[in-house]
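Q: This is the structure I have questions about; it appears just below.
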Amino acid sequence: MNNLIFLPIVLPLIASVVAAFFPKKLNISRRFAQITSVLLTIMTAALTWHVFMNGTIVVQSGGWDAPFGISIVGDGLSMLLVLTTYIVSTAAVFYAPSALDKQQESFYFYAFYFLLISGVAGAFMTGDLFNLFVFFEVLLIASYGLIVLGNGKIQLRESMKYVLFNLFSSMLFVVSIAFIYAVTGTVNFAQLAERVEFVEQQGILSTLAIVLFFVFAVKAAIFPLYYWLPNSYVVPNAVVSALFGALLTKVGVYSILRVFTLIFVHDTGVTHQIFIYLAMFTMLFGVIGALSTNNVKLIITYNIIPAVGFMLMGIGLYSEEAIAGSVYYLMHDMVIKGALFFLIGALIVAAGTKDLRQMSGVIQKFPLLGWLFFIASLILAGVPPFSGFIGKILLLRSGLAQEEFLLVIVALISSLLILFSMMRIFIRGFWGELMENISDDRKRVRNLTIPGVILVSISIFLGVGAEAVYPHVETIANMLVDRTDYISSVLKE
């Protein structure tokens, strides 16, 4: 069973190569991608259940024991996020045929799609810093191929911006890994966790931790490094935006969560306090951006940013309850962001415009789309009993327990403003008089709505079924705060 832990990484990589051989045969490409994605999701669900029931799975590639070999670690956190990745990506592959035109779809979309999933899964499951960098590059190469699907000067400009920012952060990433290796003599997560406590030059180590955080902050779009994200995520097709918004920023958040709960915990008074301040600014500036525009897709994109702030809030508070809140919110946000990008893509097709000022009455012709968007908006804002509420209540309780009152106030204000930004779309876009130039293509809008139904249903379950899910998240949080299980599992101590 242990060797099967490679499959969520290796199989989509193989599928990517296979899909590249018949990009023009769309019917074959679609069915291959859809069937493969469903089977991979079922397989990953079985592996995740096995990990939850039996504990962490660690495989050392090539038969070399850690820290010399490449460690693939399937613990509760990594498998939960890999499963969530496959759920969102499977919904996306059923959304794609109705969202993309034939030229975009035939330009190796499914090959890049599988490559992206392989990179994301690998980033979640790798056990060392250097291979985290490698899997970052794999998913970024795939994202470069996906972001340029389309045409127009604006898309070219934003694609170039996206590529340049990520190239810069990748360069800084590999340099910081080299310095960490020079100071500690290893890049294996578990061995780093043991060695950092005994490094004499703790000041240098804290500096390297902040540099590494800077790299991950660019990937996660944390204040003030988020300015590249909004337009870069708006210009691609809705299915690409959904994959980016649901998955890519979350890999950056996961990296911060893993590294700053496992390795750099020797000076939390400095690093984690910085996280709290950055979390507040990230929440506020993100939601201000969402309120400043009438582009409905840009509103959803800006709302990625305050969600990252909530996740960073839990890491900064660094208690079991706060970490549980961050993990729950991370899982919730991956699902609901995918759903919202799907639904906003359907809204744009139905209305024929992204401009909120030119929309009205869409719910009269497409009631399922309208009410589904309304429920998704409540979930995003954290209205009880939905999944956003579960994560936020854990974070808020932890903030109050640590007397971080300003942080709690900012979080509550941000939640209200998120709800307000979403209700603007619902009231002005779906309510009112039926617009004249609304689409008559009911079949396409329905096909674009159905994947959203699936993800919203899962998100509702994460809220009302929290009793079934939270015990596993609590166990994950306990393991993140108490590092001994991860270290002993990898190093076989």
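Taking the working numbering, the leading residue of the sequence shown gets 53, the next gets one more, and so forth. Beta carbons: idealized from backbone N, C-alpha and C, even for Gly.
1. Tell whether a beta-carbon distance below 8 Å holds between M411 and A403.
2. On the three-state DSSP scale, how would you describe N183?
3. Output the distance between the C-alpha atoms of V270 and E485, rounded to the nearest integer angstrom.
4. Just mark M131 as buried or exposed, buried being the case when its beta carbon has 16 or more other beta carbons within 10 Å.
5. Just how far apart, CA to CA, sit I367 and E246?
6. The alpha helix (DSSP H) spanning I427 covers which residue range?
7. Taking 6 Å as the limit between beta carbons, can you name the residues of its chain near K444, skipping five residues before and five after?
8. Among all the DSSP beta bridges, which residues are the ones paired with D407?
9. For the candidate residues F394, T236, A261, I326, whose alpha-carbon lies nearest to that of P276?
10. Distance, Cα to Cα, V495 vs F159?
11. Exposed or buried, M223, counting other C-beta atoms within 10 Å across all chains shown (16 or more means buried)?
12. Measure the beta-carbon distance from A391 to V508 and round it to whole angstroms, keeping in mind my assumption that it falls under 8 Å.
13. Would you tell me roughly how many angstroms separate the C-alpha atoms of A529 and Y306, rounded to the nearest one?
14. Please report the distance separating the alpha-carbon of F225 from that of I193.
15. Considering only their Cβ atoms, is the gap separating V360 from A273 smaller than 8 Å?
16. Looking at the unbroken alpha helix (DSSP H) that takes in G128, where does it start and where does it end?
17. Is the stretch 316–325 close to the stretch 276–288, with three or more CB pairs under 8 Å?
18. Kindly confirm or deny that the stretch 333–347 and the stretch 378–395 touch, where touching means at least three C-beta pairs closer than 8 Å.
19. Do you know offhand how far A98's Cα is from I415's?
20. Measuring CA to CA, which of S81, L63, V62 is closest to A71?
21. Comparing the C-beta of F316 with each C-beta of chain B, is any distance below 8 Å?
22. Starting from V111, trace the beta strand (DSSP E) both ways and give me its first and last residue.
23. Only counting the same chain, and skipping five residues up and downstream in sequence, which positions put a Cβ closer than 6 Å to that of S511?
24. Would you decide whether M332 is buried or exposed? Buried here means 16 or more other CB atoms lie within 10 Å of its CB.
25. How far does the alpha helix (DSSP H) with K205 in it reach, from first residue to last?
26. Any idea which residues DSSP pairs I124 with across the strands?
27. In whole angstroms, what is the alpha-carbon distance linking E519 and A376?
28. Look up N489 in the DSSP assignment and say whether it is helix, strand or coil.
29. By the three-class DSSP mapping on this structure, what secondary structure does N355 have?
30. Cα-Cα, which of V267, D537, G413 is closest to N489?
31. Tell me which same chain residues have a C-beta within less than 8 Å of the C-beta of V497, skipping the five on either side of it?
32. If distances are taken between C-alpha atoms only, which option among V303, I315, V339, L244 comes closest to G174?
33. Select from A298, I461, F73 the residue whose C-alpha is nearest the C-alpha of S141.
34. Nearest CA to the CA of W423: which residue from I357, I502, V460?
35. Please say whether V239 and S541 have beta carbons closer to each other than 8 Å?
36. Y147 to T259, Cα distance in whole Å?
A: On the basis of the supplied data:
1. yes
2. helix
3. 42 Å
4. buried
5. 20 Å
6. 419–433
7. G434
8. N347
9. Nearest C-alpha to P276: I326.
10. Going by the sequence as given, residue 495 is Lys instead of Val. Whole-angstrom Cα-Cα distance: 24 Å.
11. exposed
12. 5 Å
13. In this structure, the CA atom of A529 is about 13 Å from the CA atom of Y306.
14. Between the alpha carbons of F225 and I193 lies a distance of about 16 Å.
15. yes
16. Boundaries of the alpha helix (DSSP H) harbouring G128: 128–151, taken from the DSSP string.
17. By the Cβ rule, the stretch 316–325 does not count as touching the stretch 276–288, because fewer than three pairs are nearer than 8 Å.
18. no
19. 39 Å
20. Ranking S81, L63, V62 by Cα distance to A71 puts S81 first.
21. The displayed structure is made up of one protein chain only, and chain B is not part of it.
22. 109–112
23. V387, I388, I431, S439
24. buried
25. 205–236
26. V111, T178
27. 14 Å
28. coil
29. coil
30. G413
31. A398, V401, A402, F418, L421, S491
32. V303
33. A298
34. Measuring C-alpha to C-alpha distances from W423 to each of I357, I502, V460 identifies I502 as the nearest.
35. no
36. 44 Å
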